[in-house]
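Protein chains in written order, with this note's numbering: chain A, 115 to 459; chain B, 2 to 382. Heads up, the beta-carbon is just placed ideally off N, CA and C, and yes, glycines get one too. Given the structure is predicted, the values throughout are model-derived calculations rather than measurements. Just below is one structure, and these are the notes that go with it.
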Amino acid sequence: MIRRGLVDDKLGIKYGAGGRAMRALIERVCLAGLGPAPVDGIGLSAMDDGAAIRVGNQWLVITTDSHVVHPRVFPGGDIGRLAVSGTVNDLAMMGATRPLALTCAIILEEGFAREDLAQVYASIRTACDEAGTTVVTGDTKVMGRGELDGLVINTAGVAFCDRVVPDCGLAPGDVLILTGTVGDHGMAIMAARHNLALEGDLRSDVAPINTLIRAALDAGGADVVAMKDPTRGGVASALHEMAEKSRVGILVDEPSVRVRAEVRAACDLLGIDPLAVANEGKAVIGVRAAAADRVLDALRGHALGREAAVVGRCIADHAGAVILDTGLGRRMLAEPEGELLPRIC
Amino acid sequence: MAIPDPARAIAELKFRDPIRGRGLLDALARRTAEIDHSPVSVMHVCGSHEQAIAKFGLRSAFPRGLNVIMGPGCPVCITDTPEVDEGVVLARQGVHIATYGDMVRVPGTVLSLADAQAEGAHIHVIYSATQAVELARSMTEEVVFFATGFETTAVATAAVVLGGLPPNLSILSAHKYIPPVMEIVAEMPHTRVEGFLAAGHAATITGAAVFEPFVSRHKLPVVIAGFEPLDILAGLVKLLELIRDGTPAVANMFPRCVSHEGNLRAQEQLWKVFKPTGGRWRGIAHVPNGNLRLRDEFAAIDARRRFPIDLTTLWDYAPPALAQSCICGDIMAGLKAPSDCKLFGQECTPEAPVGACMVSTEGACRIWHQYGGHPNLGGDA
């Protein structure tokens, strides 16, 4: 267990969950082995969505992701669409919305069906088309039967941008916008994995959202001060990271957070907070209050941002903490610990 | 597993309506102010009530003069240490144990069922009494259903017992009965409790009438409440009215589910299989009639009679040192809050629980931890 930032001798599944445990692992083990960050730029130590390196008067943004979702095909997408979306969205969260190119490395388990792999690549192609990018290089390995479960995909992406948007740019008074409903991806995976009999339709929201983010940046310009995609650990984890890095308190208005009725019903049944459930096609965007309406209008004008809403604001008190106003009262929004559901992305 | 109709989920939102909620909170503040002393302390006896209070942030919105205490309302937490030990000893004898998930990690005197499992014992997590039957049918080895919980789950155990068990299945009953423990809390010296909020789901079985003898004996009001935030707020407003007026009575604020006489068929099944006996509740006290044990007619399926259970076999182990500092008992008796415990959130967390209250999702410590503890959220935050 994580106490005071310690890391266990044997690494359990929680270290891949994207929460406090994973951050402790990166800080205590990975960073110690890697040495200093780039002199002018954002490196691993910033623990942002990707890295940024100064090239002339522009930034080269670079990011990489591995994907191990189970099941590989789920309502609304599959591992191929997830791999492309995850990488494109990480670039977009840094402010780089025109992905130049992606790489795609796969590791297969011996005996993997050719037809299934063809399907994964068709999804990769479709998602790349939506994002306006392409896979330019890759790598293929096959491991023995039982040495891994089916298929692992790693994608990396590069893009140039003029201004990097970090996680840590929030100040008291800033407004937080969520670009749509929450919990769709995680609950779709959970339903598919556990064969939950459903009334209604749980579908993953997995999609590249770089064009949506571009619309927000075009409208808000420098008033867009922080962005994060609420993947593992959901909106709760994303807000905690932003509050901690920016040293502000975040006050969330829970009734403003949109949750589809099917997702809410499934969450209630399983005792899960939708705010802690993963999304793969959403962003939390921090903007200066004066620009909020402008950015909101731009988001709502995009097919992937119709349900965008202001869900919170930054305060000077309770720096580093996230407070939830339920409409009935207030409580702390705890940062999800451990794995709600392993292998969701 | 079926997910409920989304339309129903939306319908339930009306019991979470912030505008009506604020109206009830205003009423609650007025009632509290109308009482001639401060603070007013009331107790609920249900983990689900605490879950809702924490989840919806109600505790920060309660009036300052109102102290809402969580009593012994977590069935996992009040299962006594020797009862856990019985399960551990049986498991170490090679018997398959079937039990509810939270029970697996509850510390016994020295070991939990999870510890026994790590040593090679067979522990199966089940979600219903019928799953214990299915499990036993799927194997030839002896299976013991370590049955825990209040009257709500005891009824489910009774139903499978009356339906007939497979020959390799027996019951280790650690079921508890809530009404007697309310008497204990009311009679505790220095008790601050001036009224009780009773759990709606248990009352659907026992009926509102079950609390009438308690009220006439102790002159303390009991209000039955449901589990949505507005149910709880409406229940508290009614409870404070009864305290203010000095008119102790039973009030049913959950009439959409609870009747005066309750579910007679379920009561009949419950008392056909179980008899109330005295016994200890973890951290509380000896509770007369607080334990539900199998009647003599069911001796053949009673694990305590089918197997020798020698607790002295556990005496080779030393109890963990941290457990000495745990104040779960005082928390469940309503004398202290989780935040009074120096282990809370430090040495004791859901991942590495020291006391039972941090293990169960219905335990006060676990709930407070899950919802981020209780710093002061007043002011313009």
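- As summarised for the region 187-255 of chain B, the continuous beta strand (DSSP E) elements at least 3 residues long and confined to that stretch are 194-200, 223-226 and 251-253, given in chain order.
- Contact annotation: Ser237(A) and Arg195(A) have beta-carbon atoms nearer than 7 Å.
- By the beta-carbon neighbour count (other beta carbons within 10 angstroms, threshold 16), Val279(A) is buried.
- For the region 42-57 of chain B, the beta-carbon criterion of a distance under 8 Å to any beta-carbon of chain A is satisfied by Ala55, Lys56 and Phe57.
- Going by beta carbons, Pro213(A) and Ala245(A) fall inside the 7 Å limit.
- In the DSSP assignment, Pro213(A) falls outside any alpha helix (DSSP H) and lies within the beta strand (DSSP E) extending over Pro213 to Glu223.
- Of Phe197(B), Cys342(B), Leu170(B) and Gln118(B), the smallest CA-CA separation from Ser139(B) is found for Leu170(B).
- Using a CB distance cut-off of 7 Å, Arg307(A) does not count as an interface residue toward chain B.
- Taking a C-beta distance under 7 Å as the contact criterion, Gly271(A) and Thr201(A) qualify as a contact pair.
- Out of Leu447(A), Asp439(A) and Arg445(A), the CA that lies nearest to the CA of Pro19(B) is found in Asp439(A).
- Two segments are said to touch when three or more pairs of C-beta atoms, one from each, lie closer than 8 Å; by this definition the region 145-161 of chain B touches the region 96-108 of chain B.
- In terms of Cβ geometry, Glu229(B) and Phe16(B) form a close pair [threshold 7 Å].
- In the three-state reduction of the DSSP assignment, Asp303(B) falls in the strand class.
- If you ignore the 5 residues before and after Gly102(B), its C-beta comes within less than 7 Å of the C-beta of Val126, all in its own chain and listed in chain order.
- Against chain A, the beta carbon of Gln371(B) has neighbours under 7 Å at Ala448, listed in chain order.
- Listed in chain order, the alpha helix (DSSP H) elements of length 4 or more contained wholly in the region 134-220 of chain A are 134-139, 145-148 and 193-207.
- The residue from Cys428(A), Ala423(A), Ile156(A) and Arg168(A) with its alpha-carbon nearest to that of Ala357(A) is Cys428(A).
- For the options Leu222(A), Asp431(A), Val296(A) and Arg228(A), the alpha carbon positioned closest to that of Val362(A) is the one of Asp431(A).
- For Ile20(B), the enclosing alpha helix (DSSP H) has its first and last residue at Pro19 to Glu35.
- Closest option to Ser370(A), judged by alpha-carbon separation, among Asp276(A), Ala227(A), Val296(A) and Val234(A): Val296(A).
- Proximity of the region 213-231 of chain A to the region 247-263 of chain A meets the contact definition, three or more beta-carbon pairs being nearer than 8 Å.
- For Ser174(B), the pairing in a beta bridge is given by DSSP as Ala148(B).
- Gln270(B) counts as buried, since no fewer than 16 other beta carbons sit within 10 angstroms of its beta carbon.
- Between the alpha carbons of Asp331(B) and Ala187(B) lies a gap of roughly 15 Å.
- Within the DSSP bridge table, the entry for Ser260(B) names no partner.
- Of the residues assessed, Glu394(A) falls on the buried side of the cut-off, its CB having 16 or more other CB atoms within 10 angstroms.
- Taking every protein chain shown into account, the CB of Thr131(B) has fewer than 16 other CB atoms within 10 angstroms, so this residue is exposed.
- The C-beta distance from Ile244(B) to Ile36(B) rounds to 6 Å, short enough to fall under 8 Å.
- For a cut-off of 8 Å, the C-beta gap from Met301(A) to Val391(A) is around 6 Å, short enough to register as a contact.
- In the assembly as shown, Arg142(A) is an exposed residue. Its beta-carbon has fewer than 16 other beta-carbons within 10 Å.
- Residues of chain A with a Cβ closer than 7 Å to the Cβ of Pro19(B) are, in chain order, Pro369, Gly441 and Leu442.
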